[in-house]
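Before any comments, here is the structure.
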Amino acid sequence: MAYDSQSRIDLTQTYDVLVVGGGNAALCAAMTAAEANAKVLLLESAPKEFRGGNSRHTRNIRYVHNRGTEYLTGPYLEDEFWDDLLEVTGGQTNAELARLTIRASAELGHWMNAHGCHFQPPLRGTLHLARTNSHFLGGGKALMNAYYATARKMGVEIMYEADVRDLEIRDGKFDSAIFEFQGASRKVRAKSVVVASGGFEANLNWLKECWGEAADNFIIRGSPYDKGRPLRVLLDHGAKPVGDSRQCHAVAIDARAPKYDGGIVTRLDCVSFGIVVNKHVRRFYDEGEDFWPKRYAIWGRLVAQQPHQIAFAILDSKSIGLFMPSVFPPIEANTIRELAAKLELDPSALEAVVTAFNKSVQPGTFDPSILDDCATAGLEPPKSHWARPLDTPPFYGYPLRPGITFTYLGITINEKAQVIMQDDRAAPNIFAAGEIKAGNILGQGYLAGFGLTIGTVFGRIAGKEAARFASDGFD
Numbered sequence: 017m018a019y020d021s022q023s024r025i026d027l028t029q030t031y032d033v034l035v036v037g038g039g040n041a042a043l044c045a046a047m048t049a050a051e052a053n054a055k056v057l058l059l060e061s062a063p064k065e066f067r068g069g070n071s072r073h074t075r076n077i078r079y080v081h082n083r084g085t086e087y088l089t090g091p092y093l094e095d096e097f098w099d100d101l102l103e104v105t106g107g108q109t110n111a112e113l114a115r116l117t118i119r120a121s122a123e124l125g126h127w128m129n130a131h132g133c134h135f136q137p138p139l140r141g142t143l144h145l146a147r148t149n150s151h152f153l154g155g156g157k158a159l160m161n162a163y164y165a166t167a168r169k170m171g172v173e174i175m176y177e178a179d180v181r182d183l184e185i186r187d188g189k190f191d192s193a194i195f196e197f198q199g200a201s202r203k204v205r206a207k208s209v210v211v212a213s214g215g216f217e218a219n220l221n222w223l224k225e226c227w228g229e230a231a232d233n234f235i236i237r238g239s240p241y242d243k244g245r246p247l248r249v250l251l252d253h254g255a256k257p258v259g260d261s262r263q264c265h266a267v268a269i270d271a272r273a274p275k276y277d278g279g280i281v282t283r284l285d286c287v288s289f290g291i292v293v294n295k296h297v298r299r300f301y302d303e304g305e306d307f308w309p310k311r312y313a314i315w316g317r318l319v320a321q322q323p324h325q326i327a328f329a330i331l332d333s334k335s336i337g338l339f340m341p342s343v344f345p346p347i348e349a350n351t352i353r354e355l356a357a358k359l360e361l362d363p364s365a366l367e368a369v370v371t372a373f374n375k376s377v378q379p380g381t382f383d384p385s386i387l388d389d390c391a392t393a394g395l396e397p398p399k400s401h402w403a404r405p406l407d408t409p410p411f412y413g414y415p416l417r418p419g420i421t422f423t424y425l426g427i428t429i430n431e432k433a434q435v436i437m438q439d440d441r442a443a444p445n446i447f448a449a450g451e452i453k454a455g456n457i458l459g460q461g462y463l464a465g466f467g468l469t470i471g472t473v474f475g476r477i478a479g480k481e482a483a484r485f486a487s488d489g490f491d
């Protein structure tokens, strides 16, 4: 059923707040606006069975906390969070908005729990996140189901398969939205709008504008409904862009994954424990540069830059049980040459690369929980940590492709989540939250669980400010 309420939604009325999108940021905005007594309509482009956008595939959130809990092994304070963000972004972040996000994140554990989220201790192999990130019971699907249930109880009206095609904006102020529903064009008016509809990662034509033909080999980890239409509409109406169109949250995923919606189970976390070669059997980056939560999101771009956008992770039996496995089993062989043949690589070349790597490994104490002293010497590129000879059969290989999670080109906002127009004025009643504005904070790189942090913090801000505008009529 396309409507998510028993009574038919009346599109002739003027809503206080219109929310465009149906993932975490959109739900946080809708619930917050409803708590401020706003009349809220949420338009989700996906069918009900696939509601929730990329948030369906999440499983944890990063936030500031002063002490350990039954779900967190220790404290994670503001300064460490900030340093971690600076490290992965290389300083390419709006410091004011980033600091606001980090500080506001201290409230999120309690707020999420109060809105239906249940947390659990982290599972083994989840990116060394036991101290910094809280994992929710049932993952992102359960979180979205809980939020939708809470939103309905609050009176939020929800329409599925409602694809927003245009926003009517006059003199920088939102008036109404045009959307397609059941094969017809519909219109709805609202006093304010929150656009939380994600990036353009599922729009292959747009990706090709940025990456060329290489985009044909990208795999879209998340929702096939994130086409970026509301983003394009806002840009066409004069919203100020932010971020690099070629920057994105992109991880190395199993090349056997489906083109869309494979989710988190297709990600490969094995890179730190072996070596990675491209189609020409050349290593191209330090596999042990840093802890995986700070580096896993660079590997999608690294693989995207390789010939034919494919690479191969090579491991031996010493390491096969140290990481969360992909949904696809590894390719197994008793010798490196046999493994190369199964991966359709040059056997002599792979054998030579492995031999050179093994000879370069220096004595050390292997410990995957720390930045250990197992490194290579005289090898380019080096492997800085967790380097052990690949010498214990059976040997294993995983084919890697770039897995795009979300794109960083988005809309500039201010601390109230108001959209900034190209003349640097804030649109009084247009707000943005979630991945569509993540480029304000993520100029490059990624921290595990941080996308949900950004979406939750600014979803709440956008919902509060949109409801306030609807009530007061000024900014």
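My numbering applies: residue 17 is where the sequence shown begins, and numbers increase by one.
The C-beta atom is built at its ideal place from N, Cα and C for all residues, glycine as well.
Everything numeric in this text was worked out from a predicted model, so none of it was measured.
For residue i, count the other beta carbons within 10 Å of its own beta carbon; 16 or more makes it buried, fewer makes it exposed. Which is it?
i, result
"Asp443", "Residue identity differs from the one stated: residue 443 is Ala in this sequence, not Asp. Buried: at least 16 other Cβ atoms inside 10 Å."
"Ser364", "exposed"
"Thr472", "buried"
"Asp501", "Look at the range of the chain in this structure, 17 to 491, and you will see that residue 501 is not part of it."
"Pro137", "exposed"
"Leu93", "exposed"
"Val370", "buried"
"Gln325", "buried"
"Ala320", "buried"
"Asp277", "buried"
"Ser213", "buried"
"Gln434", "buried"
"Arg299", "buried"
"His81", "buried"
"Val249", "buried"
"Thr148", "buried"
"Lys203", "exposed"
Helix, strand or coil, according to DSSP, for residue i in the structure here?
i, result
"Glu305", "coil"
"Met17", "With a pLDDT of 39 at Met17, under the threshold of 50, the modelled position of this residue cannot be trusted, and the question is left open."
"Lys224", "helix"
"Val370", "helix"
"Leu344", "In the sequence on display, residue 344 carries Phe and not Leu. Three-state result, Phe344: coil."
"Asp491", "Per-residue confidence for Asp491 stands at a pLDDT of 47, beneath the threshold of 50, marking its modelled position as unreliable; the derived number appears in the next sentence. Here Asp491 sits in coil by DSSP."
"Leu59", "strand"
"Tyr412", "strand"
"Val293", "strand"
"Thr48", "helix"
"His131", "coil"
"Pro274", "coil"
"Gly471", "helix"
"Gln325", "helix"
"Arg484", "helix"
"His81", "strand"
"Ala478", "helix"
"Lys399", "coil"
"Gly125", "helix"
"His265", "strand"
"Met437", "strand"
"Asn76", "strand"
Whose C-alpha, out of the options, is nearest the C-alpha of residue i?
i, options, result
"Phe8", "Gly154, Phe190, Glu367", "Since the displayed the chain opens at 17 and closes at 491, residue 8 lies outside it and no answer follows."
"Ala186", "Pro137, Gly244, His253", "According to the sequence provided, residue 186 is Arg. The question's Ala does not apply to it. Taking only the C-alpha atoms, the option nearest Arg186 is His253."
"Arg181", "Val36, Tyr301, Ile347, Arg311", "Val36"
"His265", "Thr469, Arg24, Gln460, Thr48", "Gln460"
"Tyr414", "Phe466, Tyr462, Leu359, Leu406", "Leu359"
"Ile574", "Leu468, Arg476, Ser487", "Residue 574 is absent from the model: the chain starts at 17 and stops at 491."
"Val292", "Trp315, Asp95, Asp26, Met170", "Trp315"
"Leu395", "Ser121, Ala372, Asn161, Gln438", "Ala372"
"Arg67", "Lys157, Phe344, Trp127", "Lys157"
"Glu348", "Phe339, Cys390, Ile330", "Ile330"
"Phe289", "Tyr31, Leu101, Cys390, Thr28", "Cys390"
Going along the chain, which residues of its own chain have a beta-carbon closer than 7 Å to the beta-carbon of residue i, five neighbours each way excluded?
i, result
"Gly455", "Val258, Gly259, Tyr424, Leu425, Gly426"
"Asn110", "Asn456, Ile457"
"Asn350", "Pro409, Pro410"
"Ile352", "Leu366, Glu367, Val370, Phe411"
Looking at residue i: is its Cβ nearer than 7 Å to the Cβ of residue j?
i, j, result
"Leu43", "Ala178", "no"
"Asp306", "Leu284", "no"
"Ala492", "Ala41", "For the chain, the structure presents residues 17 to 491; residue 492 sits outside this window and is missing."
"Leu34", "Ala218", "no"
"Val377", "Ala403", "yes"
"Tyr312", "Pro397", "no"
"Gly304", "Lys399", "yes"
"Ala268", "Leu416", "yes"
Once the 5 residues before and after residue i are set aside, which same chain residues still bring their CB inside 8 Å of it?
i, result
"Ala146", "Leu88, Thr89, Pro137, Pro138"
"Thr408", "Asp332, Ser333, Lys334"
Return the chain-ordered list of same chain residues with a C-beta closer than 6 Å to the C-beta of residue i, the five sequence neighbours on each side being excluded.
i, result
"Ser61", "Asp179, Tyr241"
"Tyr233", "Note that residue 233 is Asn in the sequence shown, not Tyr. The answer, listed in chain order, is Gln325."
"Ala18", "With a pLDDT of only 48 at Ala18, under the threshold of 50, the placement of this residue in the model should not be trusted; the figure read from the coordinates follows. Excluding sequence neighbours, Ala18 sits near Tyr176, Glu177."
"Asn221", "none"
If we define contact as Cβ-Cβ less than 7 Å, is residue i a contact residue for chain B?
i, result
"Arg262", "Here there is only one protein chain, and chain B is not present."
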